[in-house]
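For reference, the structure is listed below as C-alpha cells.
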Amino acid sequence: MQVYPSSEVQLTAEIIAAISGLQTALRFVDTSIEIVDEAPRDGDALILGTFAPTDDLLNFTESFNIELDEFNEYITVPGFGDVGRYGNGIVLFEKNKKGSTLTLLADTPEDLISLLNTITSGSLYGCVLQGDIGICSVGYGGSYSEDTGEATVEPTSGEATPEVTPTPG
116 MQVYPSSEVQ LTAEIIAAIS GLQTALRFVD TSIEIVDEAP RDGDALILGT FAPTDDLLNF
176 TESFNIELDE FNEYITVPGF GDVGRYGNGI VLFEKNKKGS TLTLLADTPE DLISLLNTIT
236 SGSLYGCVLQ GDIGICSVGY GGSYSEDTGE ATVEPTSGEA TPEVTPTPG
C-alpha cells in the first residue's frame, strides 16, 4: 500500500508514529506500506490530507463532490450536508480496477493523526458511514477545544482577592 501525504501534510514525528502503527497493523494481513512523494496513479493507496483545497488532493476528492474551503467552518459533504470542520475527519473510499484508495482528511495535523489512529485500530467507533463516505469525530469542535472546564472568578475593583488555603489530606 502506498501512503501519500499531500502537500499540506508534513512528516512530523507524530505523523510517522501514526503511520508506523498502521504499518504494524497491516503486517498481520501480510500488507506492507511505502511512503511515496508523488500521488499514486494505481495500486492500493492511503492519501493523507487536510481540509485545505490543494491541487494534489483534487484527484482524490472531486468524484465525491466535497466542497473544501479553508475559510469556512463547515465542509459540505454529499449525503451529510454541512459538517463542522473542527474535530471531525472525513474518510473517502474508492475502489476501481487499478486498486483501492482510502483518503483521510481532517482540519489539523492532530485531528489527522487521531483519524489515522481510528482507522488503524480497526474500529470505526465515532464514525458515521454512508456509502463510500464516512465522517468521524476525532477531536473537539469550535470553542470546546480551548475550554479547560475550570471556572475562574475575576475580582471586581475594590474587592479583596480571596486567599486559597490548602486543606490537609
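In my numbering, the protein residues as written are 116 to 284. Backbone N, C-alpha and C fix where the C-beta goes; we use that ideal spot for every residue, glycine too.
For A172, three-class secondary structure by DSSP: For the sequence presented, residue 172 should be read as Leu rather than Ala. Of the three classes helix, strand and coil, the one that applies to L172 here is helix, per DSSP.
CA-to-CA distance, V124 to G204, given in whole angstroms: 14 Å
CA-to-CA distance, T176 to D197, given in whole angstroms: For D197 and T176, the distance between alpha carbons rounds to 16 Å.
Burial state of A132, where buried means 16 or more other Cβ atoms lie within 10 Å: exposed
Any C-beta of chain D under 8 Å from that of G246: This model lacks chain D altogether, as it is built from one protein chain only.
Cross-strand partners of V198 (DSSP beta bridge): I190
CA-to-CA distance, S147 to F195, given in whole angstroms: 33 Å
Whole beta strand (DSSP E) elements within the segment 215-250, 3-residue minimum: 242-245
Contact the segment 179-188 vs the segment 154-162: 3+ CB pairs below 8 Å: no
Check whether A221 and V253 have beta carbons under 8 Å apart: Cβ distance < 8 Å, so A221 and V253 count as in contact.
DSSP state of G264 mapped onto helix, strand, coil: Low confidence applies to G264: its pLDDT is 44, below 50, so where it sits in the model is not reliable enough to give any reading.
Neighbour-count burial assignment, A128, 16 or more Cβ in a 10 Å radius: exposed
Nearest-angstrom Cβ-Cβ length linking E209 and D247, presumed shorter than 8 Å: The pair is a contact, with the Cβ atoms about 6 Å apart (cut-off 8 Å).
Beta-carbon gap between G136 and T233 smaller than 8 Å: Contact flag unset, no.
Per-residue burial, L126 [other beta carbons within 10 Å of its own, 16 or more giving buried]: exposed
Classification of S229 by the beta-carbon crowding that lies within 10 angstroms, buried from 16 upward: buried
Cutoff 6 Å; reference S215; Cβ partners in own chain excluding five residues on either side: D159
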